[in-house]
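The sequence shown maps to residues 164 to 430 in the working numbering. From the three backbone atoms N, C-alpha and C, an ideal C-beta is built for every residue, glycine too. Since this is a predicted model, take the numbers as computed values, not measurements.
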Amino acid sequence: MPESFEPRVFGKTGARVGPLGIGSSYGIDAKGVEEAFERGVNYFYWGWRRRDGMRDGLRYILRQNREKAFITIPSLAPTNPMIRYSVERALKALNTDYIDGLHFFLRKEKPPWRSQLEPALKLKEEGKIQHIGISSHHRPNFPDFLGEPFSEFYHVRYNAKHRGAESDVFPKLPPKGDPDRPGIVAFTVTSWKQLIKANPKKLGDLAIPTAGDCYRFALSHPDVDVCITGAANAEQMRHALDAIDKGPMTDDELGWMRKVGDRLYKK
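In C-alpha cells, the structure reads:
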C-alpha cells in the first residue's frame with residue numbers, strides 16, 4: 164500500500180487505524196470482514212443496523228486481535244439509563260470488554276445533553292468505552308466543539324458532491340500531531356450512491372465514478388484519516404481495497420471528481 168495510505172494515528176485517541184473502515188448496515192458477511200481485517204482494515208462502525216455477518220466477523224477478530232481493532236458504535240438512546248443499556252448490549256453482542264469509540268449524532272447545533280454525556284463519561288471511567296466522539300451534518304459544530312470531552316473523533320460527511328468540509332471543518336482543525344486534534348472519519352463518500360449511479364446524461368462527457376474512486380477521493384484529502392465503506396459483500400470490499408492500493412488521486416483525477424460532484428450538486 165502506498166505510504167500516504169498506510170495506517171495512521173487516529174487523532175487524539177492515539178490508536179493506529181487503516182484508511183478504510185466498514186459500516187455494519189450493508190450486509191458484508193463474516194468472511195468478508197475477516198478478509199478485510201487481514202488486508203489492514205481495523206476500523207469498524209457497528210452502527211444503526213447491526214447485521215449478523217459483521218457481528219460474527221468481529222467476534223472472530225476480537226477473540227484473537229482485540230488490541231488491533233477499533234470498534235465504534237453510535238449512541239442509540241437519548242437518556243441516561245438507555246445509553247448504558249445500549250453500550251452493554253453491544254459489549255455482549257461482540258463478546259468484548261470494551262468499545263473503542265462511542266459517538267453522538269448531532270442533528271442540530273447543540274452539543275450532547277448533559278443527561279447523555281454524563282453516562283458516557285461514567286462508562287469511560289469504567290473502561291467500557293475508550294473514546295467519545297460526534298457525528299453531524301452541521302459542519303460548524305466541529306470546530307466549535309474542539310477540546311470538549313466528546314471531541315476525540317469526528318464523523319464528517321465528505322464526498323465529491325458535498326465538499327463543504329474543505330472550508331468549514333478541515334482548515335479549522337489543529338494540525339496533525341497536535342494533542343487536541345480529533346481523528347477524522349469521512350462518511351457517505353458515495354453520497355448515498357448518487358455519485359456511482361449518476362445519470363450519464365447529466366454528466367455528459369464525464370465518466371461515472373466507481374465506489375473505489377469515491378474512497379480514493381476522500382482519502383486523498385490529507386485531513387481524512389478513515390473513510391467508511393458500505394460494502395455489501397466481500398467482492399465489494401476487495402474492490403475498495405484494490406482501489407486504494409493505487410494511492411492518492413492525481414490532480415487530473417481530483418479535478419474530474421470535483422466536476423462530477425458539481426454537476427450532480429446543481430441537479
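Counting only the Cα atoms, K255 lies some 12 Å from R247. Distances from the alpha-carbon of S238 to those of R212, P334, A193 put R212 closest.
In the three-state reduction of the DSSP assignment, L269 falls in the strand class, which pools E and B.
Of the other Cβ atoms in all chains shown, fewer than 16 fall within 10 Å of the Cβ of N258; this residue is therefore exposed.
Listed as beta-bridge partners of I236 by DSSP are L265. By the beta-carbon neighbour count (other beta carbons within 10 angstroms, threshold 16), D263 is buried.
For R320, the enclosing beta strand (DSSP E) begins and ends at 316-320. Put simply, the segment 284-291 does not touch the segment 317-326. Fewer than three CB pairs are less than 8 Å apart. Looking at the backbone, the Cα of H318 and that of L336 are separated by about 14 Å. The beta carbon of S298 is closer than 6 Å to those of H266, F268, H318 in its chain, skipping five residues each way along the sequence.
DSSP lists F267, Y317 as the bridge partner or partners of I297. For F380, the uninterrupted alpha helix (DSSP H) run begins and ends at 374-383, by DSSP. Per the DSSP secondary-structure output, A349 pairs in a beta bridge with V319, C390.
One alpha carbon belongs to V250, the other to I295, and they sit about 12 Å apart.
Between R426 and K365, the C-beta gap is smaller than 7 Å, which places the two residues in contact.
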